[in-house]
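First comes the structure, then the notes that go with it.
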Amino acid sequence: MKQHAGVSRRMLLGATAALPLAARSAHAHTLRVLTWPGYADPDVVATFERREGVKVEVSVVDSDDTLWERMNARQGGDFDVFAVNTAELQRYIAANLVATLDPQRLPHRADQLPRFRDLDKVPGLVHQGKTYAIPYTYAEMGLIHDRRQMPQAPDSVAALWDPRWRGKVLAYNGGTHNFSLAAIALGLSTPFHLGASEWPRVVDHLIALRRNVLSFYTEPEESVRLFTSRGAALMFANYGSQQVKLLQAAGVDVGYTVPREGALAWLDCWAMSRSAHDPDLATRWIDYLLEAGPGEVLVQRQGLANTTSPSPFHRPDARLRWLEPVEDTQKRTRMWDRIVSGDRAAKVLAA
1 MKQHAGVSRR
11 MLLGATAALP
21 LAARSAHAHT
31 LRVLTWPGYA
41 DPDVVATFER
51 REGVKVEVSV
61 VDSDDTLWER
71 MNARQGGDFD
81 VFAVNTAELQ
91 RYIAANLVAT
101 LDPQRLPHRA
111 DQLPRFRDLD
121 KVPGLVHQGK
131 TYAIPYTYAE
141 MGLIHDRRQM
151 PQAPDSVAAL
161 WDPRWRGKVL
171 AYNGGTHNFS
181 LAAIALGLST
191 PFHLGASEWP
201 RVVDHLIALR
211 RNVLSFYTEP
221 EESVRLFTSR
231 GAALMFANYG
241 SQQVKLLQAA
251 GVDVGYTVPR
261 EGALAWLDCW
271 AMSRSAHDPD
281 LATRWIDYLL
291 EAGPGEVLVQ
301 RQGLANTTSP
311 SPFHRPDARL
321 RWLEPVEDTQ
331 KRTRMWDRIV
341 SGDRAAKVLA
351 A
């Protein structure tokens, strides 16, 4: 990512008047995008650059924690638009890092499916009558299995803990989702809001998962490399059907299931930074990605659903648990870091 270095007031005053104007002009013709793998491929970006006569700088993240760090570093000043799931969006709004959007200035919203076009019915997007993000893509976090090693598809999330698959399991390296995953596995009713008495049980269960896991991944491409090179049999698919598509392209015969307990599911949206240099350009970027071309790229190339056509991957009858804001993101992250480091439960709970 191209960093925009800070300029001291003394240096600015010593420069010619033309330089600040030039800097502002450069900013106005560069769109800085913070996003996830596959959301802004080079050819998709190139089309927008040609159409608008601008440059687009894309930075990619691999976890919600990294996204938060990048956006929070300079109050969002390094980016104009970013992709974020509906649950995480809430803390960006609370931290005043997000600008409001005018849905009327997004004509391609008319092409979205009704469930995504009615923003008031998508939890977290509208606050006090103001819109903060526009739905873009979604997936459930199911289970991927190697059909050669597991001819019968796993029907429960408990398979991730099954000692028969010790050293054959891949899991996502992220505290927020893994605490919710363990809560579901334990049958807790509120996976996003753990009570005081539930933390020890969930921590113990995640330590047990760590002992069963071959490795943890962050990016979808990394998960494919590990799955193919390390002989994994089962994977918790944080990126869902996107990982299925990548594994199939790599020649792996895989199955994909939503366990009987249900699956966590995310809805990623585009939001505009409060510090966007050119809000009009940022708005046009969001509207452009709702067009048929970028939407088809999501489906055909990335194996992800878009919000303008029925998903070939998503089962309408699947029991999904759409992500919600959790009780304490930082606490989950601290505890997860200690779990991955090999700490015992007492030290994890003291985090």
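In terms of full-length UniProt numbering, the sequence shown opens at residue 1 and continues consecutively. We put the beta carbon where it would ideally sit given N, CA and C, even for glycine.
Query: Any alpha helix (DSSP H) of 4 or more consecutive residues that is wholly inside the segment 46-88; Result: 64-72
Query: Residues near residue 294 by beta carbon distance below 6 Å, same chain, minus five either side; Result: 44
Query: Within 7 Å, strictly: CB atoms of residue 252 and residue 214; Result: no
Query: Bridge partners - residue 249, DSSP secondary structure assignment; Result: The partner list for residue 249 (beta bridge, DSSP) is empty, contrary to what the question assumes.
Query: Residue closest to residue 270, alpha-carbon to alpha-carbon, out of 157, 80, 249 and 201; Result: 80
Query: Validate contact between the segment 176-194 and the segment 326-338 using beta carbons, cut 8 Å, 3 pairs; Result: yes
Query: Residue closest to residue 109, alpha-carbon to alpha-carbon, out of 332, 232, 136 and 298; Result: 136
Query: Element boundaries [beta strand (DSSP E), containing residue 217]; Result: 213-217
Query: Of the listed residues 63, 102 and 301, nearest to residue 242 (C-alpha basis); Result: 301
Query: Residue from 36, 264, 235 and 208 with nearest C-alpha to residue 149; Result: 235
Query: Identity of the residue in 34, 229, 173 and 186 nearest residue 219 by Cα; Result: 173
Query: Proximal residues to residue 26 (C-beta, below 7 Å), its chain only, five neighbours per side dropped; Result: For residue 26, the pLDDT reaches just 48, beneath the cut-off of 50, and the residue's location in the model is therefore unreliable, although a value from the coordinates is still provided. Nothing meets the Cβ criterion.
Query: Beta-carbon spacing of residue 141, residue 264 below 7 Å; Result: yes
Query: Buried or exposed (CB count within 10 angstroms, at least 16 for buried), residue 191; Result: buried
Query: Nearest to residue 84 (by Cα), restricted to the options 330, 197 and 33; Result: 33
Query: Pairwise C-alpha distance: residue 286 and residue 297; Result: 15 Å
Query: Distance, residue 332 Cα to residue 281 Cα; Result: 36 Å
Query: Cutoff 7 Å: residue 234 Cβ touching any chain D Cβ; Result: Among the protein chains of the structure shown there is no chain D, as only one such chain exists.
Query: N-terminal and C-terminal residue of the alpha helix (DSSP H) that residue 348 is part of; Result: 345-349
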